[in-house]
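Here the structure comes first, spelled out in C-alpha cells, and everything after it is commentary.
There are 2 protein chains.
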Amino acid sequence: MPRSVTADTSGSFLTLTFEDGQESRFHAIWLRDNALDPDTRAPGNGQRLITIGDIPVDIRISTALVENDALTVTFAPEGKTVTFPDFWLKSHAYDIEKETGFGRMAPGVETWSSSQPAPTFDWNNVQTDPEIKRDWLDAIARFGFAKLVNGPVAESAVIDCASMFGFVRETNYGKYFEVRTEVNPTNLAFTGLGLQAHTDNPYRDPVPSLQILYCLENSAEGGDSIVVDGFRAAERLREENPEGFALLAGYPARFEYKGSDGVHLRSRRPMIELSPDGEMIGMRFNNRSSAPFVDVPFEKMEAYYTAYRRLGELIDDPDMGVSFKLEPGESFIVDNTRVMHARLGYSGSGSRWLQGCYADKDGLLSTLNVLNARSEG
Amino acid sequence: MPRSVTADTSGSFLTLTFEDGQESRFHAIWLRDNALDPDTRAPGNGQRLITIGDIPVDIRISTALVENDALTVTFAPEGKTVTFPDFWLKSHAYDIEKETGFGRMAPGVETWSSSQPAPTFDWNNVQTDPEIKRDWLDAIARFGFAKLVNGPVAESAVIDCASMFGFVRETNYGKYFEVRTEVNPTNLAFTGLGLQAHTDNPYRDPVPSLQILYCLENSAEGGDSIVVDGFRAAERLREENPEGFALLAGYPARFEYKGSDGVHLRSRRPMIELSPDGEMIGMRFNNRSSAPFVDVPFEKMEAYYTAYRRLGELIDDPDMGVSFKLEPGESFIVDNTRVMHARLGYSGSGSRWLQGCYADKDGLLSTLNVLNARSEG
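Chains as they are written, first to last, in the working numbering: chain A, 1 to 377; chain B, 1001 to 1377.
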C-alpha cells in the first residue's frame, strides 16, 4: 500500500509515496479526469462519460488519504470522492524520469541484424494453442517479422493467415494479390527482377502496417526472401551521422505510384518517422516509388542525399539481412512500418508464385493484448 | 523554354533561369536520381529501376544546355545524358521559399466554421457524372466532409458508397456496423446519449482516415448530426495560445478501447499531429476513449490540460459546428483525421438507425487525382 500522501497547499497536486519509497506527484485535474468511478467511466465498456469541460476549471484536492492499498481523494468544489488503487497509480505514474533520446526505440522493440534466427511458428499450432499464438504475435510486435511453416498449399490461405489476428486491408491490388511474373507488369514486384529491400506502398497514406507473403510455388532458381530491420538501419545511421538521421526524420520524402489505370497514389511522409517526442515509429524506404523530394531546402539537399545513400548502404549491408527461401505452404509477416523485405532475382525453369496481402497492426496488437492478459490472468 | 542555365564550377549543381525570370538551382545528385529516361524509370509503370547506390558518389554535371523547352544534362563520371522538360523542372523546383509556419495548413485545405454550407451531392449524379464525382471527392479533400442525398434506403448501401472511391477498412466492428440503441452497448455510440464531437477510433493505429455514416431511419426526437472542423479548432488554439498548441502537438496522448470481448486497442499519438516540418496532418479528439496521459512531463501537465480544455471549448463552440438531420437515404463522409462529428441525444417515440463504415483516404485521393487528370486532360 502507499506509505503516505501529502496534498500541496494549493490543492493542485498531491505527492504519493509508494511502499518502495518511490515518490510521485499527481495533479488534481489529471486525477479527476481519470477517475474510475461509474459516473465517470461507463461500467460495461469502460468509456469516459464526462468531457474535459465537465471538470470545474478550479478543480483542486481538498482531502487525500491512503488506506487499504488505495488513495482516496476528495475534489473541491465538486465535493466528489474517488478511490484509486495503488497498483493503478503506480502503473500510470507520469512524474518520472522519461526517456527522451531522439530516435529511441519504443519499449518492447528489439532490433536485430543477420544473426537473428527467423522467429518461426507452425501454422496449426498457432491456431490450436493460445500460448503459441501469443508468442507468434509477440515476435511480430518485438522483431517486426515472423515465419509460419506447414501451412496449406492453397490459394487465399494468405487471407486465412490475416484472419487469425485481424483484418485484411483491401487496396487497389485487391484483397490479396499474386506475386509472380507477368507479361505487362503494373508493378516491378510482378517480374522476376531482384528487388532492393523496401517497405511496401509508401505512396499510400495511411500505409498498410503489415504485409503477409505466402508461398504457393518456389521451384525457380533464386527468389530468396530477405528481411532487414529498418529500425536497426536507422539506429546505425543515427550513431554514425546524427545530423543525417535528423534530416531524414525532419523533412518529408515523397512517394508516388501510377502503374495501373485509375490509380494515382501520392504521399508526403518522412523516411524515418518519429513520434513528436522522439520515439521511432516508422520507416519508409522504396527506391521504385520514391518521387522527387521537393520539401528539403536547397541548402540541405546534398546532406539529405548523403544520409539517404548511407541508409541505403546500411539496408543493403549483408550483415543486416536475414534470408530464407520460402517453401510452398510457408509464409512470413513483416511489420511494414519497420522491416524491409527484399527478393533475389529469379529465372530459369521452375516457377515462383506467392500471394500477398496487407493488414494492420491495430488488430494484431489488440489480439496480442488480449492473449497476454489471459496468459497473465 | 528556360532562358539559360549555368553549371557551378564544382559540377554539384546548376542554376536554371526560367522564361518568367525565376531562378532555381538543381543538384546533380537530385537530377540524376530523378532522371526520366527509360533506363532509370520503367516505361510502363513509371517505377524507378535504379537504387540510390547505383548513382556514383562523385556524380556531377559535366555539361548542361537548354533548348526546345527542355534542359539537357550530361553527368560525369557516367557520361550519361538526360533531358528534363521545362514544365517538369518548374513543377518540381525545390530551391524556393517554403512555407514553414508551425501548424500551417496543407495546400488545398480550407478550414471552415458554422457558416459553411454542407457540401451536398446527389447519390445518382456522383455515379453517372465524372465531373460531379470529382467535385464530391474534391469537397471531402478540401473541407473534410460532404453529404450525399437521395441514396437508396437499403442495408449496406454504406458499403456501396465506399466502393465509389475506394475500399472499406474492416475492423472488429465489422465491414460496417449498426448505429442504434442497444441494450448492452459495447460502445456509447450504440445508445441514445448525445456524443461530444470527436474523431472515431483514435485508439487504433493506423486510425481509419474516413468514416461514412448512412441513415436508414431517423424519426426519433433529436439525433441531429454536427460536424466540426478540427483543423479550424486547432488554428484558433494556435492563435490564442501557441504554447498550448505546441504542447498538444509535442506530446503523445493515449487512447484505449476494450469494450468488447477479445478486443483491446491502444494507441500513443498526439491530439494534434504535424508533419516533421510543421504541416497540420491530423487530429485525434475523443473524450470517451482518452486513456490517462502519461507522456507529458509533470511540469507541463497543467498547461497541457489547459490547452486540452480550451481545444474542447473551441470544438463545442456553436460558432464552429455545421448541423443537419439526416433523412433516410442520406449519408455523410468525414475525414476522420480532421473533422469531428457529434450527435445530439435522442429519445421518445420513433427510431434512429444509421449504418457506419470506415475507409481510407489513399483510395479517395487516388480516385480524385485520376478524375482531376481526366478533367484537365
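Where a beta carbon is used, it is the ideal one built from N, C-alpha and C, also for glycine.
Would you check if the distance between the CB atom of Ser-1062(B) and the CB atom of Gly-1101(B) is smaller than 8 Å? Not a contact, by the Cβ cut-off of 8 Å.
Are Ile-52(A) and Gly-1312(B) touching if we call contact CB-CB under 8 Å? Closer than 8 Å, so yes.
Going along the chain, which unbroken runs of the alpha helix (DSSP H) with 4 or more residues stay wholly within the region 1089-1163 of chain B? Look at the region 1089-1163 of chain B and you find these whole runs of alpha helix (DSSP H), each 4 residues long or longer: 1123-1128, 1130-1143 and 1157-1163.
Work out the CA separation of Gly-1046(B) and Gly-222(A) for me, nearest whole Å. Roughly 25 Å between the two C-alpha positions.
Please list the residues of the region 1240-1253 of chain B that have a C-beta atom closer than 8 Å to any C-beta atom in chain E, keeping them in chain order. Although the question refers to chain E, the structure presented lacks it and instead comprises the protein chains A and B.
Three-way DSSP call (helix, strand, coil) for Phe-1190(B) in this model: Three-state result, Phe-1190(B): helix.
CA-to-CA distance, Glu-302(A) to Arg-1025(B), given in whole angstroms: Just so you know, the alpha carbons of Arg-1025(B) and Glu-302(A) end up roughly 12 Å apart.
Checking contacts by CB at 8 Å: is Gly-1222(B) closer than that to chain A? The Cβ of Gly-1222(B) sits no closer than 8 Å to any Cβ of chain A.
Identify whether Asn-201(A) lies in helix, strand or coil by the three-state DSSP scheme. Of the three classes helix, strand and coil, the one that applies to Asn-201(A) here is coil, per DSSP.
By alpha-carbon positions, which one of Thr-337(A), Thr-171(A), Ser-115(A) and Thr-306(A) ends up nearest to Val-1057(B)? Across the set Thr-337(A), Thr-171(A), Ser-115(A) and Thr-306(A), the C-alpha of Thr-306(A) shows the shortest separation from the C-alpha of Val-1057(B).
Taking only the alpha-carbon atoms, compute the straight-line gap between Ala-1007(B) and Phe-1332(B) and give it to the nearest angstrom. Rounded to the nearest angstrom, the two C-alpha atoms are 54 Å apart.
Against chain B, does Tyr-176(A) count as a neighbour if the rule is that its beta carbon must be under 8 Å from one of theirs? For Tyr-176(A), the answer is no, since every Cβ of chain B falls outside 8 Å of its Cβ.
Ile-1029(B), enclosing alpha helix (DSSP H) - first and last residue: Here the alpha helix (DSSP H) through Ile-1029(B) covers 1028-1033.
Examine the ligand SAH and report whether any of its heavy atoms sits within less than 7 Å of the Cβ of Pro-1038(B). Ligands displayed in this structure: none; no statement on the ligand SAH is therefore possible.
Kindly say whether Tyr-173(A), judged by its beta-carbon, lies nearer than 8 Å to any beta-carbon of chain B. Among the CB atoms of chain B, none fall inside 8 Å of the CB of Tyr-173(A).
Residues in its own chain within less than 6 Å of Ser-260(A) by CB, not counting five upstream and five downstream? Excluding positions up to five away in sequence, the list reads Thr-186.
Please check if any C-beta of chain B sits within less than 8 Å of the C-beta of Leu-16(A). Leu-16(A) does not count as touching chain B.
Thr-379(A) to Glu-23(A), Cα distance in whole Å? One cannot answer for residue 379(A) here, as it falls past the ends of chain A, which runs 1 to 377.
Below 8 Å on the Cβ atoms is my guess for Phe-255(A) versus Tyr-203(A); work out the distance and round it to an integer in Å. For a cut-off of 8 Å, the C-beta gap from Phe-255(A) to Tyr-203(A) is around 4 Å, short enough to register as a contact.
At which residue ranges does the region 294-358 of chain A contain complete alpha helix (DSSP H) runs of 4 or more residues, listed in the order of the chain? Counting only runs of 4+ residues, the alpha helix (DSSP H) found wholly inside the region 294-358 of chain A occupies 298-316, in chain order.
Just to confirm before moving on: does the CB-CB distance between Ser-113(A) and Met-320(A) stay below 8 Å? For Ser-113(A) and Met-320(A), yes; Cβs fall inside 8 Å.
Could you tell me whether the Cβ of Gln-1211(B) comes closer than 8 Å to any Cβ of chain A? With a threshold of 8 Å between beta carbons, Gln-1211(B) makes no contact with chain A.
If you measure beta-carbon to beta-carbon, which residues of the region 1272-1284 of chain B are closer than 7 Å to chain A? Within the region 1272-1284 of chain B, contact with chain A at the beta-carbon level (separation under 7 Å) is assigned to Ser-1275, Pro-1276 and Asp-1277.
Nearest by alpha-carbon distance to Arg-268(A): which of Met-1280(B), Phe-1293(B), Gly-1230(B) and Gly-1250(B) is it? For the set Met-1280(B), Phe-1293(B), Gly-1230(B) and Gly-1250(B), the Cα lying nearest the Cα of Arg-268(A) is the one of Met-1280(B).
Using a Cβ-Cβ cutoff of 8 Å, what residues of the region 1294-1316 of chain B are near chain A? List them in chain order. Within the region 1294-1316 of chain B, Val-1294, Asp-1295, Val-1296, Pro-1297, Phe-1298, Met-1301, Glu-1302, Tyr-1305, Tyr-1308, Arg-1309, Gly-1312, Glu-1313 and Asp-1316 place their CB atoms closer than 8 Å to a CB of chain A, listed in sequence order.
Nearest-angstrom Cα separation, counted from Arg-232(A) out to His-1341(B): The alpha-carbon atoms of His-1341(B) and Arg-232(A) are separated by roughly 40 Å.
Buried or exposed for Leu-1036(B), going by 16 or more other Cβ atoms inside 10 Å? In this structure Leu-1036(B) is exposed. Its beta-carbon is surrounded by fewer than 16 other beta-carbon atoms within 10 angstroms.
Identified DSSP bridge partners for Glu-67(A): Glu-67(A) is bridged by DSSP to Ala-70(A).
Candidates Met-1283(B), Pro-1292(B) and Glu-1299(B): which alpha carbon is nearest Trp-30(A)'s? Just measuring C-alpha positions, the residue of Met-1283(B), Pro-1292(B) and Glu-1299(B) sitting nearest Trp-30(A) is Pro-1292(B).
Do Leu-1216(B) and Leu-1344(B) count as a contact pair if the criterion is CB distance below 8 Å? For Leu-1344(B) and Leu-1216(B), no; Cβs fall outside 8 Å.
Let me confirm a value: Tyr-1127(B) is counted as buried when at least 16 other C-beta atoms fall within 10 Å, else exposed. Which label applies? Looking at the sequence itself, residue 1127(B) is Gln, so the reference to Tyr does not match. By the neighbour-count rule (16 or more Cβ atoms within 10 Å), Gln-1127(B) is not buried but exposed.
Candidates Val-82(A), Phe-121(A) and His-27(A): which alpha carbon is nearest Arg-41(A)'s? If we check each option's Cα against that of Arg-41(A), Val-82(A) comes out closest.
Quick one: what's got a C-beta closer than 6 Å to Leu-1265(B)'s C-beta in the same chain, skipping five residues either side? Excluding residues within five positions, the ones whose Cβ falls inside 6 Å are Tyr-1203, Arg-1204 and Tyr-1257.
Is the distance from the Cβ of Leu-248(A) to the Cβ of Tyr-308(A) below 8 Å? Cβ atoms of Leu-248(A) and Tyr-308(A): closer than 8 Å.
Do you know how far the Cα of Asp-1335(B) is from the Cα of Ala-1162(B)? In this structure, the alpha-carbon of Ala-1162(B) lies about 13 Å from that of Asp-1335(B).
Taking only beta carbons into account, state which residues of the region 34-49 of chain A come closer than 8 Å to chain B, listed in chain order. Residues Asn-34, Ala-42, Gly-44, Asn-45, Gly-46, Gln-47, Arg-48 and Leu-49.
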